[in-house]
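J.: Please see the structure below; I have some questions.
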Amino acid sequence: MALLEVRNISFGYGGHSVLDNVSFDIEKGSLVSLLGPNGCGKTTLLKILLGLLPVPGGEILFEGRPVASYDRREMARRVAYVPQIHKAAFAYRAIDVVLMGRLPHKGFWSAYHRRDEHLALEALDKLGIRHLSQRPYTQISGGERQMVLIARALCQGAHTFILDEPANGLDYGNQIRLLEQLATLSGEGYTFVMSTHFPDHVLWVANQVVMLSDGSIIAEGAPDTAVTRKNLCRLYQADVEVWQLLENFRICVPQRLRNRLCSCDMEDVPRPVLMAGRS
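Each number in my numbering corresponds to the 1-based position in the sequence shown with 41 added.
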């Protein structure tokens, strides 16, 4: 049984179709990317997976149960959401933000206990950011904030994470650090569903991709077979190539760079093999 089963989901706003007959499965421990341009329905689909938007037709099962059958607290103990943008209302310390992940396990007037603080520090340690614990959340970088939000999700006790374009707005170094950390956690059994509009992010870390265009899936499966020139050109209306430089290493480049790459002196690297013919 798949961890998450999405069956024939359609959704729209005010008569405008946003998602059309979307279906796919997600296995435990997967790192799944929802890939597509802005406005293709990625964020709407994430909200539906979280049970935040009702769907008139179709079904979503989490651990064999309809998502709609979970109450908010019950779902929050299983699934954590990491938003694209998060602005703290006050200058909380980073550890205070992480501790907020314990709220689904607390009563309305319950205080944090020593075990909660231990779990928060453990989450910061796992991500290698304990040194940020006493820093004001409002005074750390965007990449550090994203890591703190992931630490909050770990502290929440969830093993499934929904991330809305987590690398958006981050510099190149922070993108790498963030994605590598997601890949490491996925290897430890955590499940990630991550939206992105960058094909290279999919090729770097994902083991499953769902490609969305105008609310419909045009390809789904392993990135090696789904992320092709044909599918990317259809998705982004741009002429791109998909190249394999080394074993298990592929990149996307604009078509106009093809001749430049082919003429490179790559004496220590095998000649790139064009993957454009794959469908």
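For glycine and all other residues, C-beta sits at the position ideal for the given N, C-alpha and C. Note that the coordinates shown come from a computational prediction; the quantities given were computed from them, not determined experimentally.
Do Leu226 and Leu76 have their beta-carbon atoms positioned less than 9 Å apart in this structure?
T.: Residue 76 sits at position 35 when you count from the first residue of the sequence shown. Residue 226 sits at position 185 when you count from the first residue of the sequence shown. No, Cβ-Cβ distance for Leu76 and Leu226 is not below 9 Å.
J.: Let me confirm a value: Gly332 is counted as buried when at least 16 other C-beta atoms fall within 10 Å, else exposed. Which label applies?
T.: Nothing can be reported for residue 332: it is not among the residues displayed for the chain, which extend from 42 to 320.
J.: Report the option in Gly148, Leu72, His200, Tyr133 whose CA atom is closest to the CA atom of Ala164.
T.: To locate residue 164, count along the sequence shown from 1; it is residue 123. When only C-alpha atoms are compared, the closest one is His200.
J.: Measuring straight from C-alpha to C-alpha, what distance separates Met316 and Gln216?
T.: In the sequence shown, counting from the first residue as 1, residue 316 sits at position 275. In the sequence shown, counting from the first residue as 1, residue 216 sits at position 175. Unreliable placement is indicated for Met316, whose pLDDT of 45 sits below 50; the coordinate value is still reported in the next sentence. C-alpha separation (whole angstroms): 25 Å.
J.: Closest by CA to Leu220, which one among Val251, Asn79, Gln187, Gly198?
T.: The residue given as residue 220 occupies position 179 in the sequence shown. Taking only the C-alpha atoms, the option nearest Leu220 is Gln187.
J.: Opposite His200 in the DSSP bridges: which residues?
T.: Counting from 1 along the sequence shown, the entry for residue 200 is found at position 159. Per DSSP, none; premise fails for His200.
J.: Here's a check: name, in chain order, each residue in its chain whose Cβ is nearer than 8 Å to the Cβ of Ala129, leaving out the five neighbours to either side.
T.: For the purposes of this step, residue 129 is taken as residue 88 along the sequence shown, with counting starting at 1. Here the set comprises Val138, Tyr178, Thr179.
J.: Mapping the DSSP letters down to three states, classify Cys274 as helix, strand or coil.
T.: Locating residue 274 in the sequence shown gives position 233, counting from the first residue. Note: Cys274 maps to helix in three-state DSSP.
J.: Just the C-alpha distance for Ser71 and His242, rounded to the nearest angstrom, thanks.
T.: Looking up residue 71 in the sequence shown gives position 30. Looking up residue 242 in the sequence shown gives position 201. Ser71 and His242: Cα-Cα distance of roughly 15 Å.
J.: Out of curiosity, what's the CA-to-CA distance linking Asn62 and Gly55?
T.: The residue labelled residue 62 in the question sits at position 21 within the sequence shown. The residue labelled residue 55 in the question sits at position 14 within the sequence shown. Their backbone Cα atoms lie some 18 Å apart in a straight line.
J.: Is Gln216 helix, strand or coil by DSSP?
T.: Start at 1 with the first residue of the sequence shown, and residue 216 comes out as number 175. It is helical.
J.: Could you give the DSSP three-state label for Ile89: helix, strand or coil?
T.: The residue you call residue 89 lines up with position 48 of the sequence shown. Note: Ile89 maps to helix in three-state DSSP.
J.: On the premise that Val283 lies in contact with Leu273, defined as a C-beta separation below 8 Å, what is that separation, rounded to the nearest angstrom?
T.: Walking along the sequence shown from the start, residue 273 turns up at place 232. Walking along the sequence shown from the start, residue 283 turns up at place 242. Sure, about 7 Å apart at Cβ, within 8 Å.
J.: If you measure between the beta carbons of Met235 and Pro264, is that distance less than 9 Å?
T.: On the sequence shown, residue 235 is found 194 positions in, with the first residue counted as 1. On the sequence shown, residue 264 is found 223 positions in, with the first residue counted as 1. Contact: no.
J.: I believe Gly92 touches Ala109 by the beta-carbon criterion, under 8 Å. Please report the beta-carbon distance rounded to the nearest angstrom.
T.: Against the sequence shown, residue 92 aligns to sequence position 51. Against the sequence shown, residue 109 aligns to sequence position 68. Sure, about 6 Å apart at Cβ, within 8 Å.
J.: State yes or no: is the C-beta of Leu45 within less than 9 Å of the C-beta of Ile101?
T.: The residue you call residue 45 lines up with position 4 of the sequence shown. The residue you call residue 101 lines up with position 60 of the sequence shown. The answer is yes: Cβ separation under 9 Å.
J.: DSSP state of Ile50, grouped into three classes?
T.: As a first step, residue 50 must be located in the sequence shown, where it is residue number 9. Residue state, collapsed to three classes: strand.
J.: For the putative contact between Arg48 and Gly99, defined by C-beta atoms under 8 Å, what is the C-beta separation to the nearest angstrom?
T.: Stepping through the sequence shown from its first residue, residue 48 is reached at position 7. Stepping through the sequence shown from its first residue, residue 99 is reached at position 58. Correct: roughly 5 Å between the Cβ atoms.
J.: By the three-class DSSP mapping on this structure, what secondary structure does Leu44 have?
T.: Locating residue 44 in the sequence shown gives position 3, counting from the first residue. The answer is coil: DSSP assigns Leu44 none of H, G, I, E or B.
J.: Is Ser74 buried or exposed, if buried means 16 or more other CB atoms sit within 10 Å of its CB?
T.: Here residue 74 refers to the residue found at position 33 of the sequence shown. It counts as buried.
J.: Strictly by DSSP, which residues pair up with Trp245?
T.: As a position in the sequence shown, residue 245 is number 204, starting the count at 1. In DSSP, Trp245 forms no bridge with anything.
J.: State the DSSP-derived secondary structure class of Gln187, mapped to helix, strand or coil.
T.: As a working mapping, residue 187 is identified with position 146 in the sequence shown. Gln187 falls in the helix class under three-state DSSP.
J.: Taking buried to mean at least 16 other C-beta atoms within 10 Å of its own C-beta, is Gly148 buried or exposed?
T.: One-based indexing of the sequence shown puts residue 148 at position 107. So Gly148 ends up on the exposed side.
J.: Using DSSP with H/G/I as helix, E/B as strand and the rest coil, what is Gly318?
T.: Working through the sequence shown from its first residue, we reach residue 318 at position 277. Note that Gly318 scores 39 on pLDDT, short of 50, meaning its location in the model is unreliable; the coordinates nonetheless yield the value given after this. It is coil, neither helix nor strand.
J.: Measuring CA to CA, which of Leu160, Glu158, Arg270, Arg114 is closest to Ile292?
T.: Along the sequence shown, one-based indexing puts residue 292 at 251. For the residues Leu160, Glu158, Arg270, Arg114, the minimum Cα distance to Ile292 belongs to Arg270.
J.: Residues in its own chain within less than 7 Å of Arg275 by CB, not counting five upstream and five downstream?
T.: Start at 1 with the first residue of the sequence shown, and residue 275 comes out as number 234. Counting only Cβ-Cβ distances below 7 Å, and skipping sequence neighbours, we find Ser254, Ile259.
J.: Let me know if Phe65 comes out buried or exposed under the rule of 16 or more other beta-carbons within 10 Å of its beta-carbon.
T.: As a working mapping, residue 65 is identified with position 24 in the sequence shown. So Phe65 ends up on the buried side.
J.: Go through its chain and collect everything with a Cβ distance to Ser182's Cβ below 6 Å, but skip five positions before and after it.
T.: Translated into positions along the sequence shown, residue 182 becomes position 141. Closer than 6 Å at the Cβ level, and outside the excluded window around Ser182, lies no residue.
J.: Kindly list the residues whose CB is nearer than 6 Å to the CB of Gly318, restricted to its own chain and excluding five residues on each side of it in sequence; keep chain order.
T.: Within the sequence shown, residue 318 is the residue found at index 277, counting from 1. Reliability fails at Gly318, whose pLDDT of 39 lies under 50, so the model's placement of it is uncertain and the value that follows must be treated cautiously. Result list for Gly318: empty, nothing under 6 Å.
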